[in-house]
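Structure record follows, encoded as structure tokens.
In the numbering used here, the protein residues as written are 317 to 441.
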């Protein structure tokens, strides 16, 4: 795997993680850690995190724990002088990105920013 690609993956994962962390902290400050959440029309709490880890994210406090678990999958960007296979770290960063995105999206639902409606078609997504 290209070092350039692996570095970009890891930088992107950290950015998504920080976005999720910032929004989660804001929502916790407003609603409290005991605030319960689940996506509409699901029975799986946060489905991706639950499917991959069996961790039931039912409250904002659980989201905070899930985000802390996510941090373990994040690695530092490879140094300029270090050349090695980066596939493992890049795959970990991909999982961290998916988990952080799910938490970020859940926080957007809580804030009333989701679902988004297409102004031309009227479809919600």
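Idealized CB from N, CA, C, for every residue including glycine.
Keep in mind the model is a prediction, meaning the values are calculated, not measured.
Discussion item. Check whether the region 344 to 351 and the region 429 to 436 are in contact - that is, three or more C-beta pairs closer than 8 Å.
Written reply: no
Fill in: Burial state of residue 413, where buried means 16 or more other Cβ atoms lie within 10 Å
buried
Discussion item. According to DSSP, simplified to helix, strand and coil, what is residue 393?
Written reply: coil
Worksheet item: Where does the unbroken alpha helix (DSSP H) through residue 363 begin, and where does it stop?
Response: 363 to 369
Worksheet item: If you run the structure through DSSP and keep just helix, strand and coil, what is residue 331?
Response: helix
Item to complete: State the CB to CB distance for the pair residue 342 and residue 402, rounded to an integer number of angstroms; the pair is presumed to be in contact (CB under 8 Å).
Response: Wrong, their Cβ atoms sit about 33 Å apart, outside the cutoff.
Worksheet item: Looking only at DSSP bridge pairs, what is residue 352 linked to?
Response: 375
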